[in-house]
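For our numbering, add 432 to where a residue sits in the sequence shown, where the first one is 1.
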Amino acid sequence: MAGLGMICVWYNQIMTVAERTKYISDSYNINAVYAARLLHEYGDVSDEKLQEVISKKPKPFVKWVGGKRQLLQQFKDRGFYPPASFNPAQNTYFEPFVGGGAVFFDLLPLKANINDINTELVITYNVIKNNVHDLIEELTHSGYIYDKEVFLDIRAWQTETISDLKRAARFIYLNRTAFNGMYRVNKSGQFNVPFGRYTNPQICDSVNLIKVSKVLTHTQINNKSYKYVLDEAKSSDFVYFDPPYYPVSKTASFTAYSNDVFLQKEQEELRDTFIELHKRGCFVMLSNSDTPFIESLFAPYKKDGITIHKVTAGRNINAKASGRGKIYEILVNNF
Ligand SMILES: C[S@@+](CC[C@H](N)C(=O)[O-])C[C@H]1O[C@@H](n2cnc3c(N)ncnc32)[C@H](O)[C@@H]1O
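As structure tokens, then:
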């Protein structure tokens, strides 16, 4: 970074926007979509200021099973983020299975459209977007404390009968206090993860919630099935699919994010959606488990410009130590 300040003085006079974006991306080891946002929002500020902004970047507000946090550096380094021909100032980033949004918060696109089928999660995104100060007030002053009795009481609330504000507070509280931050519901849709053991869990990270609220301002948030993307994505938009994974073995435990299943037929339909967007001229990327079935879904399209990559991923949701080894995931893209 030495000497960067001096370079900054003159680089804006001789570089195009694309070159300046690349310059910021390379200098600060950040992805080009985020670099474009920084350039758009801050223009040519000093490198100290930029460094400060980057160090205060918002982060996901929930822990989410299948979260992509560990893969972000690989995504950037291996070129899995959209190519330079994706223009974040003009085109939209879609994440139809957003969950905790590790990739969304890494990219921080100027124009974004996110979605999840989990209604409690989407209500929470919306409350953070529209009503963050009341949410912070609720979480800090209405008895959301780390205590087993309180946990069981809040867990038993019937969500349809309470306000969106309380639903969002309950969702964040349960995410911070339930076992392993898991989200699982029973057949009637009631959250049923047991109390988790933590030392002093932080239930309300107000500073981060406010930052998240700001970046959601220009983000469209939906609570639909992922196929809505077919009605909305246009040529040159970037779509990232991170669906519930196809199980690696018959005994592999299933993670219920909602009551909706995502098995063979659903994975085939998702592949068809991917191909349709590909034909439309979107940049498309999809994560899934490294299984022969998932590979067989995409292998016939290699001749059409679809590539199947392997990425290494750590897993920590499996309770058995033997399940914690390094495993591979598949990443499919068309660029
Ligand atoms: C693997 S997780 C995504 C994790 C996310 N990338 C992250 O970083 O936290 C899959 C998500 O898909 C959602 N989901 C399941 N079925 C869906 C469907 N048919 N349409 C949209 N979202 C769905 C789940 O609620 C869950 O949040």
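Note that the Cβ used here is the ideal one computed from N, Cα and C, for glycine as well.
In the DSSP assignment, K742 falls within the beta strand (DSSP E) that extends over 739-745.
Across the structure, Y455 and F526 are spaced so that their CA atoms are roughly 25 Å apart.
Between the region 503-515 and the region 617-629, the count of C-beta pairs closer than 8 Å stays below three; the two stretches do not touch. D637 has its CB no nearer than 7 Å to any heavy atom of ligand 1. Annotated three-state conformation of Q652 is strand, per DSSP. Pairing N563 with L540 gives a Cβ-Cβ distance that is not under 8 Å. By the neighbour-count criterion, in which 16 or more other beta carbons inside 10 Å mark a residue as buried, R629 falls on the exposed side.
In the structure shown, L542 adopts coil according to DSSP, grouped into three states. Assignment of S487 by DSSP, reduced to helix, strand and coil, places it in the helix class.
For L471, the CB contacts under 8 Å within the same chain, skipping 5 residues up- and downstream, are V449, R452, T453, I456 in chain order.
If only complete runs of 4 or more residues are kept, the region 604-669 shows the alpha helix (DSSP H) at 638-648, 661-664, in order along the chain.
Around the beta carbon of E761, a 10 Å sphere encloses 16 or more other beta carbons of the protein chains shown; the residue is thus reported as buried. When secondary structure is reduced to three states using DSSP, N461 falls in the coil class, being assigned neither helix nor strand.
Looking at I653, L763, V743, I577, the one whose alpha-carbon comes closest to that of T556 is I653.
Pairing V716 with D585, the inter-Cα distance amounts to about 43 Å. The three-state reading of DSSP puts Y455 in helix, counting H, G and I together. Ligand 1 has a heavy atom closer than 7 Å to the beta-carbon of D548. Placement of the Cβ of K500 at a distance of less than 7 Å from at least one heavy atom of ligand 1 is found. With a cutoff of 8 Å on beta-carbon distance, P633 and R608 are scored as near each other. Taking the Cβ of P528 as the reference point, at least one heavy atom of ligand 1 falls within a distance shorter than 7 Å. DSSP, read as helix, strand or coil, puts V671 in strand. Just so you know, the alpha carbons of P520 and D579 end up roughly 44 Å apart. By the criterion of a C-beta distance shorter than 8 Å, N765 is surrounded in its chain by F512, F715, V716, M717, L718, I738, T739, H741, once the five residues flanking it on both sides are discounted. Q699 sits buried, since 16 or more C-beta atoms from the chains shown fall within 10 Å of its C-beta. Cβ atoms of K543 and H710 stay farther apart than 8 Å, at about 21 Å. When DSSP states are grouped into helix, strand and coil, L702 belongs to the helix group. CA-to-CA, the gap between S667 and P514 works out to about 13 Å. Scanning V680, F694, D458, L695 for the CA closest to the CA of P724 turns up V680. Here N545 is near E664, since their CB atoms are less than 8 Å apart. Per DSSP, E761 lies in no alpha helix (DSSP H) segment; the continuous beta strand (DSSP E) that holds it begins and ends at 759-765. Distance from the CA of R712 to the CA of I726, rounded to the nearest whole angstrom, comes to 22 Å.
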